[in-house]
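Residue 12 is where the sequence shown starts when you use my numbering, and the numbers rise one by one after that. Backbone N, C-alpha and C define an ideal beta-carbon position, used for all residues, glycine too. Here the structure is a predicted model, which means the values were calculated and not measured. Note sheet for the following structure.
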Amino acid sequence: MTDLPDNDFTQRFIFDDSDTRGEMVSLELSYAEVLAKHAYPEPVAQLLGELMAAAALLVGTLKFDGLLILQARSEGPIPLLMIECSSERDIRGLARYEADRIAPDATLADLMPDGSLTLTIDPNQGQRYQGVVDLDGETLSDCFTNYFVMSQQIGTRIKLCADGRHARGLLLQQLPADRLKDEEERAASWQHLTALATTLTADELLSLDNETVLHRLYHEEQVRLFDVQRLRFRCSCSRERSANALVSLGMEDAQNLVIEHGGKIEIDCQFCNQQYLFDAADVTQLFAGAGVETPSDTRH
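Structure below.
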């Protein structure tokens, strides 16, 4: 992905005198692509951006080939937020919402009361992992902190913000004891670094470059900043996947579906709004084993 501009990327950093690593994320083009697919109200767009930033940060903490999926669900005005980010750093997302129930100044508790946050790791090979935590924090950042505390994983803190144009995030994570062997010294260092991170405002994170942010927070620490790793919006939908969904129905049901829909089935991708059309000839061809390449239109 070296041909992409530096608008969407993560960048790692490490503290030389502490067993702590960090990562920052900046999303602009991919965030705009996600928002362009639906007319999201501002509070929904903000939460969607924050969840995108979280996914981009978390995928960098995992050593796997596959897909990271974040889902926030509730019975409130936003029933679903969903982000998928692959190990190749392709990202996509969507939200379902009830616009007439969303106030401009709505909080997370207003939008997703009694909600839950699910993190799923779906590797290309190996066992699927899933963890769930309640959406009981004031912000999504709080909810992710609670997730790592509840799951008793390695110490992790995340700060997220989005404004409808940019989505940004900062992650701090403890490393195995190496530089600091004493437990009290190790705990004190972690508390110090995370306390400084809490002083970072949303305006600073959204407006300043990574070097400036790190200097403001940690000018008394020895910090090494590494090269960026780029991300991009990319939807994994395809005509072939849509065809496989039809085949899974069985021939008779697929043919009846064509008739019920006036001669053409439209399969829409909720992530990118792409439409895949299948007529009776396409369905016959599918079940004859001839594949999915047909003259039928595929349109946005």
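Would a C-beta distance cut-off of 8 angstroms place S41 and I102 closer than the cut-off? yes
First and last residue of the beta strand (DSSP E) that includes S97? L91 to S97
Does the beta-carbon distance from F75 to V234 come in below 8 angstroms? no
Could you compute how far the alpha carbon of R190 sits from the alpha carbon of S85? 43 angstroms
What three-state label does DSSP hand C248 in the structure shown? coil
Whole-angstrom C-beta distance between M123 and I80, which should lie under 8 angstroms: Contact doesn't hold; Cβ gap of about 17 angstroms is too wide.
Looking at the secondary structure, which residues open and close the beta strand (DSSP E) in which C172 lies? T167 to A173
Determine, using beta carbons only, whether A64 and G175 come nearer to each other than 8 angstroms. no
Do the CB positions of A213 and L181 come within less than 8 angstroms of each other? no
Can you list, in chain order, the residues of its chain with a C-beta nearer than 8 angstroms to that of L211? Leave out the 5 residues immediately preceding and following it. K170, L181, V224, R227 and L228
Opening and closing residue of the beta strand (DSSP E) in which M35 lies: T31 to L38
Apply the 10 Å Cβ neighbour rule to A50 and answer buried if 16 or more other Cβ atoms are within range, or exposed otherwise. exposed
Would you check if there are 3 or more beta carbon pairs closer than 8 angstroms linking the segment 187-206 to the segment 30-39? yes
Quick one, which of E231, D145, G77 and Y287 has its alpha-carbon nearest A256's? Y287
For R310, which three-state DSSP category applies? Residue placement at R310 cannot be trusted, given a pLDDT of 43 that sits under 50; what the coordinates show is reported in the next sentence. It is a strand residue.
By alpha-carbon positions, which one of L69, A117 and A66 ends up nearest to P52? A117
Have a look at the DSSP bridge pairing and note the partners of G142. L130
Below 8 angstroms on the Cβ atoms is my guess for C96 versus L128; work out the distance and round it to an integer in Å. 15 angstroms between Cβ atoms; not a contact.
Taking the alpha-carbon of G87 as reference, which of D220, S249, A114 and L130 has the nearest alpha-carbon? A114
Taking Cβ positions, are A178 and G71 nearer each other than 8 angstroms? no
Within 10 angstroms of its Cβ, does L92 collect 16 or more other Cβ (buried), or is it exposed? buried
Who does K275 pair with in a DSSP beta bridge? D290
What does the alpha-carbon distance come out to for the pair F237 and G166? 21 angstroms
Helix, strand or coil: which one does DSSP assign to F159? helix
Tell me which residues share the same chain as S253 and place their Cβ nearer than 6 angstroms to its Cβ, disregarding the 5 neighbours each side in the sequence. I278 and Y287
Would you call the CB atoms of A299 and G274 closer than 8 angstroms? no
Short Cβ contact (8 angstroms threshold) for L38 with A83: no
What residue does the beta strand (DSSP E) around G137 start on, and which one ends it? Counting along the chain, G137 falls outside any beta strand (DSSP E), and DSSP gives it neither H nor E.
Assign A64 to one of three DSSP states: helix, strand, or coil. helix
Tell me R241's beta-bridge partners as DSSP assigns them. F20
Euclidean distance between Cα positions of V269 and I276: 6 angstroms
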